[in-house]
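For what it's worth, this note's numbering labels the leading residue of the sequence shown as 514, then goes sequentially.
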Amino acid sequence: MAEDEDFSPNLLTEKMKHSNGDFVAPDGLCWMSVLSCLLLACSYVGSLYVWRSDLPRDHPAVIKRRFTSVLIVSGLSPLFVWTWREFTGVRTGPSLFALMGIRFEGLIPAIALPLLLTMVLFLGPLMQLAMDCPWSFTDGIRVAFDPWFWMLCLSDMRWLRNQVVAPLTEELVFRACMLPMLVPCAGPSTAIFTCPLFFGVAHFHHVIELLRFRQGTLSAIFLSAVFQFSYTAVFGAYTAFIFIRTGHLVGPVLCHSFCNYMGFPAISTALEHPHRHTVLSSYLLGVILFLLCLFPFTDPSYYGLPTPVCTLTSSPSSLCLS
514 MAEDEDFSPN
524 LLTEKMKHSN
534 GDFVAPDGLC
544 WMSVLSCLLL
554 ACSYVGSLYV
564 WRSDLPRDHP
574 AVIKRRFTSV
584 LIVSGLSPLF
594 VWTWREFTGV
604 RTGPSLFALM
614 GIRFEGLIPA
624 IALPLLLTMV
634 LFLGPLMQLA
644 MDCPWSFTDG
654 IRVAFDPWFW
664 MLCLSDMRWL
674 RNQVVAPLTE
684 ELVFRACMLP
694 MLVPCAGPST
704 AIFTCPLFFG
714 VAHFHHVIEL
724 LRFRQGTLSA
734 IFLSAVFQFS
744 YTAVFGAYTA
754 FIFIRTGHLV
764 GPVLCHSFCN
774 YMGFPAISTA
784 LEHPHRHTVL
794 SSYLLGVILF
804 LLCLFPFTDP
814 SYYGLPTPVC
824 TLTSSPSSLC
834 LS
């Protein structure tokens, strides 16, 4: 195990084994962590199928029933972390909720900076949307402050699922609960790329419904599933990075909601756009600015250094430092 991924002796005093002056993970900890995450992922996805129905997933009745089940599983998800902590003997200074990114320190930067960073990445799609939108800027401001607009949104089950319930419950389960269990075993860097695998595999359940309702050929459904796994895994790594760097749940939730609203960038449409040179330049500029701002915008010193999940390692990695 790498030096920056070792446990702190004051966290696992009775569970550590000492060898050549280095602390290593106790036997069975990684298996317990992975199995706990797998059980949590299966519980989340399985809760969607406790209801028997011949209706498609976008039907309001199906969405309402699934709201009930995923909210119950998400509400119980902290028990998985608590049980894992009790079985492994991991003891930390921060509270359980702080480890899960539910805290007040650095809250304002955690709300604004990760969302702004994600909007920078989507500069191209936002430019394209602004060019094609029939509304003026003042019309958009007026609608944004219209309470009737938000009442209509909240009454739309698909909007409520995509913008509120899915981002909140998925980030709570797949980031806030899984990362505290994976970081002590794998370290922050490895956990960032391990955690999204559970998130990506969890989205394979959409294949079941595509096959059930015969929405495409078998090869098309398979390619769609591979593509969805790929971009959900990449997105999961990004929000895991934000969670570890900021120590907050709110940033990943807002970024998830924003990305659900924007959808996958319509690059093919951008290539055919009347102002494609401007749009494509915005795409490129957005990616460059995103890479330049990625670490400065997620500097842990803005959010309370070290972030709670980083206290699970004895020698904080570069991800946990400003």
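Ideal Cβ positions, reconstructed from N, Cα and C, are used throughout, including at glycine. No experiment lies behind these values; they were computed from the predicted model shown.
Run through DSSP, which three-state label would residue i get?
i, result
"residue 652", "helix"
"residue 599", "helix"
"residue 777", "coil"
"residue 816", "coil"
"residue 730", "coil"
"residue 683", "helix"
"residue 669", "coil"
"residue 658", "coil"
"residue 637", "helix"
"residue 802", "helix"
"residue 646", "coil"
"residue 788", "coil"
"residue 761", "coil"
"residue 832", "helix"
Measure the C-alpha to C-alpha separation of residue i and residue j and round it to an integer number of angstroms.
i, j, result
"residue 811", "residue 566", "43 Å"
"residue 610", "residue 705", "20 Å"
"residue 548", "residue 650", "50 Å"
"residue 534", "residue 597", "Unreliable placement is indicated for residue 534, whose pLDDT of 36 sits below 50; no coordinate value is reported for it."
"residue 832", "residue 770", "24 Å"
"residue 707", "residue 592", "21 Å"
"residue 826", "residue 632", "31 Å"
"residue 532", "residue 830", "Below a pLDDT of 50, predicted positions are generally treated as unreliable, and residue 532, at 38, falls in that range; the measurement from the model is reported next regardless. Distance between the alpha carbons of residue 532 and residue 830: 21 Å."
"residue 752", "residue 679", "14 Å"
"residue 835", "residue 668", "42 Å"
"residue 555", "residue 788", "46 Å"
"residue 604", "residue 551", "22 Å"
"residue 537", "residue 582", "Low local confidence applies: a pLDDT of 48 at residue 537 is under 50, so the model's placement there is unreliable, and no value is given."
"residue 588", "residue 766", "16 Å"
"residue 816", "residue 698", "24 Å"
"residue 755", "residue 658", "29 Å"
"residue 808", "residue 768", "16 Å"
Rounded to whole angstroms, how far is the Cβ of residue i from the Cβ of residue j, which I believe are closer than 8 Å?
i, j, result
"residue 820", "residue 757", "7 Å"
"residue 709", "residue 594", "Going by Cβ atoms, the distance from residue 709 to residue 594 rounds to 18 Å, so no, they are not a contact pair."
"residue 798", "residue 636", "6 Å"
"residue 786", "residue 641", "6 Å"
"residue 553", "residue 691", "7 Å"
- Contained alpha helix (DSSP H) runs [length at least 4] in the stretch 541-570, N- to C-terminal order: 542-560
- Message: Taking contact to mean 3 or more Cβ pairs, one atom from each stretch, closer than 8 Å, check whether the stretch 795-815 and the stretch 663-681 are in contact.
- Response: no
- Task: Pair every Cβ in the stretch 778-794 with every Cβ in the stretch 728-745, then say whether three or more of these pairs are closer than 8 Å.
- Result: no
- Inside the stretch 571-621 only - alpha helix (DSSP H) runs reaching at least 4 residues: 573-601 and 609-612
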